[in-house]
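To start, the structure under review is shown below, and the notes come after it.
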């Protein structure tokens, strides 16, 4: 496996997107033909460094992988003050446009390969938003991990509160109330808890790595929450109206103890909606006992296997 890091300009005109590419090993000194590439869109408070094990696994199976640190995250954020911040106005638009920049870059680099977009958590909602924002430029398949279907009223309330805090305290203000409303209470269902991030995974090593990594352990800004809540709301409204691709395959995976997916209820609601609006191919799997980060769970090898099997089916369909 060959790993490469590089930068592309963000659509915001100011920042550079830190990108990572994982490529299969050379065979007889030559690069094997890439039939499929996966675009990774990470979750809230994450960065591409957390996807190394999974991306390497895909590369070992002949699949190329490209992902980027979103605005306000990882090495794309120019300083700690910018973590969890996307822009003064309509920062969510830049997030979606940046995803399209990566998609366009990958399409040129792997011009004869299929493209699958995989979004986890925040990335899953951004992926769902992307599908409506770029009709006709959709990927050949979509994988959603750690997603859900939160109440539109609750999301709207969060967006309005974030806007209020932004106007009163500035868009870089970090509100404990917004944090508690969004993810602060997730670990309570796993009482007695060891840390406030126990809801992420049963694997304590990954919880501790997240907890002790300052690039992950931070509170979003008011502006960041405003933009994220807006994109969730826009994604759900587009889905309700049927404005998403219906002929591409969807794979939706979640832990049945994931609070983001309401212990599977929100995931099932999303699948039922997709079926109602006419999506032709949607596959869902809930992993018993698993929590939010199925790629970092104790049964992650099972998850990896399910994903690679689904991806290989897509690649085979193209060959036929």
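Residue numbers (this note's numbering): 829 to 1148. Note that beta-carbon positions come from the ideal geometry of N, C-alpha and C, so glycine has one too. Keep in mind the model is a prediction, meaning the values are calculated, not measured.
Leaving out five residues on either side along the sequence, give the residues of the same chain with a beta carbon under 7 Å from the beta carbon of residue 1003.
Taken in chain order, the residues that qualify are 993, 1050.
Could you check how far apart the C-beta atoms of residue 864 and residue 961 are, in whole angstroms? I think they sit under 8 Å.
Rounded, the Cβ-Cβ distance is 23 Å, inconsistent with contact.
Of the residues 1065, 976, 1011, which one's Cα is nearest the Cα of residue 986?
For residue 986, the nearest C-alpha among the options comes from 1011.
Taking 8 Å as the cut-off, decide whether the C-beta atoms of residue 902 and residue 872 are in contact.
No, Cβ-Cβ distance for residue 902 and residue 872 is not below 8 Å.
Take every Cβ of the stretch 880 to 899, pair it with every Cβ of the stretch 974 to 981, and state whether three or more of those distances are shorter than 8 Å.
The stretch 880 to 899 vs the stretch 974 to 981: no contact.
If you drop the 5 nearest sequence neighbours on each side, which residues of the same chain put their C-beta closer than 6 Å to that of residue 991?
Cβ neighbours of residue 991 beyond the five flanking positions: 1054.
Does the beta-carbon of residue 1120 have 16 or more other beta-carbons within 10 angstroms, so that it is buried, or is it exposed?
Under this definition residue 1120 is a buried residue.
Taking C-alpha atoms, which residue in 978, 837, 1027 lies nearest to residue 1117?
Ranking 978, 837, 1027 by Cα distance to residue 1117 puts 1027 first.
Classify residue 899 as helix, strand or coil using the three-state DSSP reduction.
Here residue 899 sits in coil by DSSP.
Taking 8 Å as the limit between beta carbons, can you name the residues of its chain near residue 854, skipping five residues before and five after?
So the list reads 830, 860, once near-sequence residues are dropped.
Are the CB atoms of residue 1077 and residue 1109 within a distance shorter than 8 Å?
Yes, these two residues count as a Cβ contact at 8 Å.
Looking at residue 1061 and residue 984, is the spacing between their C-beta atoms short of 8 Å?
Yes, the pair counts as a contact, with Cβ atoms nearer than the cut-off.
Only counting runs of 3 or more residues, tell me where the beta strand (DSSP E) segments fall wholly within the stretch 933 to 978, in order along the chain.
Entirely contained in the stretch 933 to 978, the beta strand (DSSP E) runs reaching 3 residues are, in chain order, 942 to 948, 969 to 973.
So, does the CB of residue 1127 fall closer than 8 Å to a CB anywhere in chain D?
Annotation note: the requested chain D is absent from the structure, which comprises a single protein chain.
Which word fits residue 907, buried or exposed, when buried means at least 16 other C-beta atoms lie within 10 angstroms of its C-beta?
Residue 907 should be labelled exposed.
Residues in its own chain within less than 8 Å of residue 1124 by CB, not counting five upstream and five downstream?
Answer for residue 1124: 878, 1028, 1029, 1031, 1034, listed in chain order.
Count the other C-beta atoms from every protein chain shown that fall within 10 angstroms of the C-beta of residue 926, then say buried if there are 16 or more, exposed otherwise.
It counts as buried.
Assuming residue 996 is part of the beta strand (DSSP E), what are its boundary residues?
Counting along the chain, residue 996 falls outside any beta strand (DSSP E), though it belongs to the alpha helix (DSSP H) covering 980 to 997.
Rounded to whole angstroms, what's the CA-CA distance from residue 891 to residue 1137? Just pull it up for me.
Between residue 891 and residue 1137, the C-alpha separation is close to 12 Å.
Rounded to the nearest angstrom, how far is the Cβ of residue 869 from that of residue 947, given a contact under 8 Å?
So it is a contact: roughly 4 Å between Cβ atoms.
For residue 943, count the other beta carbons within 10 Å of its own beta carbon; 16 or more makes it buried, fewer makes it exposed. Which is it?
With 16 or more Cβ atoms within 10 Å of its Cβ, residue 943 is classed as buried.
Residue 837 bridges to which residues according to DSSP?
In the DSSP output, where bridge partners are listed per residue, residue 837 has 844.
Which one or two residues does DSSP pair with residue 1016 in a beta bridge?
The partner list for residue 1016 (beta bridge, DSSP) is empty, contrary to what the question assumes.
Tell me whether residue 846 is buried or exposed, calling it buried when 16 or more other Cβ atoms sit within 10 Å of its Cβ.
Looking at its Cβ environment, which holds 16 or more other Cβ atoms inside 10 Å, residue 846 is buried.
Label residue 1059 either buried or exposed according to how many other C-beta atoms from any shown protein chain fall within 10 Å of its C-beta, with 16 as the threshold for buried.
The residue in question, residue 1059, is buried, as its Cβ has 16 or more Cβ neighbours within 10 Å.
For residue 1126 and residue 1066, I'd like the C-alpha separation in whole angstroms.
Spanning the two alpha carbons is a distance of roughly 35 Å.
Do residue 913 and residue 998 have their CB atoms nearer than 8 Å?
Taking 8 Å as the Cβ cut-off, residue 913 and residue 998 do not qualify as a contacting pair.
What are the residues that DSSP puts in a beta bridge with residue 1078?
970, 1110, per the DSSP bridge assignment.
Less than 8 Å between the beta carbons of residue 921 and residue 843, yes or no?
Not a contact, by the Cβ cut-off of 8 Å.
Sorted by chain position, which residues of the same chain lie with C-beta nearer than 6 Å to residue 1047's C-beta, five sequence neighbours on each side aside?
Correct list, in chain order: 1002, 1007.
Going by C-alpha to C-alpha distance, which of 916, 1131, 1057, 852 sits closest to residue 840?
Selected option, being the one with the closest Cα: 916.
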